[in-house]
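Asks: Sequential numbering of the sequence shown, starting at 20, is according to my numbering.
Think of the CB as a built atom: it goes at the ideal place given N, C-alpha and C, for glycine as much as any other residue.
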Amino acid sequence: MSTASATSIRTEPRGVRALRRQLLLLAVLPLLASLLLIALAVRHQTQELVRSERELVESAYMSSKKNELKRSVDLALSVIQPLYDTGRHDEAIQAEAKRLLRSLDNGGGDQYFFAYRFDGECLVLPPQPHLVGQNLWEIRDRDGRPVVQSLIAKAREGSGYFQYVWNKPSLRAEVPKLGYVVGLPRWGWMMGSGIYLDDVGITLRELEQRAHANIWTTMAWITAIALLGIALVGGCALVLNLNGARAADAQLQLMARQVVQSQEAERAHLSRELHDGTGQTLVSIKLLMDSAIGQLRRLGPEGAPATLDKARDRIEDALGEIRTLSHRLRPPLLDTFGLPAALRHLGEEFAEHADLAFFLRERGPAIDLPDEIKTVLFRVTQEALTNIQRHARASRVDLRLVNSASGLRLTVQDDGVGYDAEALRDDPRRGIGLRNMHERLASIGGQLRMQSRPGTTRVIADVPRAAIRRFAPPAGVAGDAAGVTSHTSHTSTRLADAHRSGR
């Protein structure tokens with residue numbers, strides 16, 4: 020199993036964090052948008068309701084005031100009707116009618132009866148007696164409407180309502196007023212009364228104020244609900260993050276222990292190899308050299324050659340064992356002749372040791388690979404072959420190295436029994452080698468994919484062209500000579516053979 024440093028293990032992939040943020044936004048933004056639309060709809064509907072209610076209240080109020088005003092004028096008319104029905108139109112009878120109108124109480128100082136001649140002369144006007152006897156035909160309200168002319172026109176028609184602006188005695192201010200008049204044609208009179216409408220405006224303003232208060236109360240509730248919803252979503256996200264962090268920490272600790280165990284296992288393996296292999300060979304060489312020295316002393320030069328030949332053979336064995344160990348740590352072929360030669364050498368040694376068939380195919384133009392890319396792809400291949408030897412029970416391994424415009428692809432395929440990818444992914448105690456391969460490729464911007472079923476397992480390592488350019492040395496710095504062409508394949512094979520023959 021290849022080793023990996025604990026610092027290369029991340030508690031949580033960057034993509035997972037980004038996905039969590041996106042999910043949080045997808046939860047919060049629709050909630051806020053929905054509440055905003057609800058608030059706008061409520062506000063619009065409330066304003067429409069206020070407008071409709073205002074129109075309804077104003078219409079009902081005006082209808083009520085008109086009826087009240089008509090009854091009041093009809094009552095006053097009934098008081099002077101006996102005088103009018105006498106048929107007289109002299110000053111005495113009219114003076115009595117004026118006195119009766121002035122004496123009538125129509126609800127206080129702001130509600131009174133008035134009378135004018137058809138020519139505009141004021142006959143009865145209790146709040147403003149100084150105007151009595153004056154001709155007010157040309158008088159207009161602040162909006163420019165001819166008040167007396169309009170009232171007389173309604174009286175000539177028999178009766179009618181007219182709205183205008185007039186001075187209100189209790190306020191000493193001009194406010195809207197609704198007048199109702201009737202005509203007394205034989206006397207040439209217009210008689211009527213009016214109701215000030217400022218209380219209608221006060222009622223409508225109070226209605227609008229209550230409606231606006233209700234709108235703000237509703238908005239406050241919607242805002243509170245929005246804040247509560249955001250708080251709940253944030254709380255759930257926090258709980259999920261804490262749980263995810265705990266799980267990631269537990270997985271990190273487990274993976275760190277496994278990495279340490281892997282490192283210790285590798286060191287123990289190297290220790291055993293050095294002690295049981297190279298160490299014993301060197302002891303044997305020492306004994307042979309001691310024997311050769313003794314023979315030289317006893318027998319002279321003729322007695323030592325055979326022993327020295329054996330010592331030389333043992334030295335060659337020791338060199339071979341040291342070379343094998345160094346190749347396992349980092350093969351010289353990787354730096355000297357490039358990735359294809361190193362992969363072929365690794366695969367052929369693996370095939371010889373595991374007793375299976377090995378094939379390497381290369382396709383694409385030549386490329387100079389940065390050291391980081393070569394090392395990662397070599398280690399991924401080494402880990403994949405180790406997994407095949409331990410678990411696959413395969414009889415054939417195909418290694419394919421393809422260089423294309425999009426990047427570099429390394430595929431390791433075997434015909435073994437396969438494995439359960441979901442079980443390895445769900446159990447953090449298993450598949451440490453696969454996770455190491457993922458981590459190694461992620462460190463250079465690559466991606467690892469695995470496809471497995473009984474009879475075929477593929478490990479596919481993709482390194483995009485941008486990652487290769489990112490790790491490439493500056494211009495003018497000599498790169499490696501790793502080619503991925505058919506010609507390079509033959510050259511790599513010859514170099515690997517030469518390297519093996521020189522062990």
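Do LYS117 and VAL143 have their CB atoms nearer than 7 Å?
Replies: Cβ distance < 7 Å, so LYS117 and VAL143 count as in contact.
Asks: Which one or two residues does DSSP pair with ALA480 in a beta bridge?
Replies: ALA480 is bridged to LEU429, LEU467.
Asks: Less than 8 Å between the CB atoms is what I'm expecting for ALA486 and ILE463, so what's the real figure, rounded?
Replies: That belief holds up - the Cβ atoms of ALA486 and ILE463 are roughly 5 Å apart, short of 8 Å.
Asks: How would you call ALA480, buried or exposed, if buried means at least 16 neighbouring beta carbons within 10 angstroms?
Replies: Classification for ALA480: buried.
Asks: Determine contact between the region 42–59 and the region 248–259, defined as no fewer than three beta-carbon pairs at a distance below 8 Å.
Replies: With the cut-off at 8 Å, the region 42–59 and the region 248–259 touch.
Asks: Name the DSSP beta bridge partners of ARG415, please?
Replies: Bridge partners of ARG415: ALA376.
Asks: For GLY213, tell me which candidate among ASP93, LEU418, ASN154 has the shortest Cα-Cα distance.
Replies: Here the closest residue by C-alpha is ASP93.
Asks: In angstroms with no decimal places, state the Cα-to-Cα distance between PRO324 and LEU338.
Replies: Each residue's alpha carbon lies about 21 Å from the other.
Asks: Looking at the strands, I want to know which residues DSSP matches up with VAL194.
Replies: TRP185.
Asks: Grab the span of the alpha helix (DSSP H) containing SER310 for me, first residue to last.
Replies: Here the alpha helix (DSSP H) through SER310 covers 299–318.
Asks: Between the Cα of LYS305 and the Cα atoms of SER83, ASP332, THR222, which residue gives the shortest distance?
Replies: Here the closest residue by C-alpha is ASP332.
Asks: What separation, rounded to the nearest whole angstrom, lies between the Cα atoms of LEU88 and ILE112?
Replies: For LEU88 and ILE112, the distance between alpha carbons rounds to 26 Å.
Asks: Whose C-alpha, out of TRP208, GLU391, THR475, is nearest the C-alpha of VAL482?
Replies: Among TRP208, GLU391, THR475, the Cα nearest to that of VAL482 is on GLU391.
Asks: What does the Cβ neighbour count give for SER91, buried or exposed, with the cut at 16 atoms within 10 Å?
Replies: That one is buried.
Asks: Taking DSSP's pairing of strands, which residues face CYS141 in a bridge?
Replies: Bridge partners of CYS141: TYR135.
Asks: According to DSSP, is GLY366 part of a helix, a strand, or is it coil?
Replies: Residue state, collapsed to three classes: helix.
Asks: To the nearest angstrom, report how far apart ASP129 and VAL219 are at their CA atoms.
Replies: For ASP129 and VAL219, the distance between alpha carbons rounds to 15 Å.
Asks: Taking 6 Å as the limit between beta carbons, can you name the residues of its chain near ILE241, skipping five residues before and five after?
Replies: LEU54, ALA58.
Asks: For THR300, count the other beta carbons within 10 Å of its own beta carbon; 16 or more makes it buried, fewer makes it exposed. Which is it?
Replies: Buried, since its Cβ has 16 or more Cβ neighbours within 10 Å.
Asks: Taking the alpha-carbon positions, what's the SER189 to ASN86 distance?
Replies: Taking the straight line joining both Cα atoms gives about 23 Å.
Asks: Tell me the DSSP bridge mates of MET209?
Replies: For MET209, which the question treats as bridged, DSSP gives the partners TYR135, GLY202.
Asks: With which residues is ASN154 paired in a DSSP beta bridge?
Replies: DSSP, once it has assigned bridges, lists GLU140 as partnering ASN154.
Asks: Since LEU420 sits in a beta bridge, which residues does DSSP pair it with?
Replies: Looking at the DSSP assignment, LEU420 forms a beta bridge with GLU381, LEU429.
Asks: Given ARG161, which residues of its chain have a CB within under 7 Å of its CB, disregarding the five upstream and five downstream residues?
Replies: Result list for ARG161: VAL184, GLU193, in chain order.
Asks: For TYR215, which residues does DSSP report across the bridge?
Replies: According to DSSP, which records beta bridges pairwise, TYR215 is partnered with LYS196.
Asks: Have a look at LEU50 and ASN233 and give me their C-alpha separation to the nearest angstrom.
Replies: Answer to the nearest angstrom: the Cα atoms are 23 Å apart.
Asks: Would you decide whether ALA37 is buried or exposed? Buried here means 16 or more other CB atoms lie within 10 Å of its CB.
Replies: Result: exposed.
Asks: For SER82, which of GLN147, LEU197, GLN64 has the nearest alpha-carbon?
Replies: The shortest Cα separation from SER82 among GLN147, LEU197, GLN64 belongs to LEU197.
Asks: Going by DSSP in three states, GLY179 sits in which element: helix, strand or coil?
Replies: Here GLY179 sits in strand by DSSP.
Asks: Using the Cα positions of LEU362 and ALA269, report the straight-line distance between them to the nearest angstrom.
Replies: Taking the straight line joining both Cα atoms gives about 36 Å.
Asks: What's the gap between the Cα of ILE99 and the Cα of ARG121?
Replies: About 11 Å.
Asks: When you compare only the Cα positions, how much space is there between ARG415 and LEU251?
Replies: Computed Cα separation, rounded: 56 Å.
Asks: Given this structure, state the Cα-to-Cα distance separating LEU261 from LEU271, to the nearest angstrom.
Replies: So the two alpha carbons sit approximately 15 Å from each other.
Asks: If you compare alpha carbons, which of ALA52, HIS410, ARG398 is closest to LEU246?
Replies: Per the Cα distances, ALA52.
Asks: What's the C-alpha gap between ALA360 and LEU353?
Replies: The alpha-carbon atoms of ALA360 and LEU353 are separated by roughly 7 Å.
Asks: I'd like to confirm something about GLN64: is its beta-carbon nearer than 6 Å to some heavy atom of the ligand PLP, or not?
Replies: Within the structure as shown, the ligand PLP is missing, as the structure has no ligands at all.
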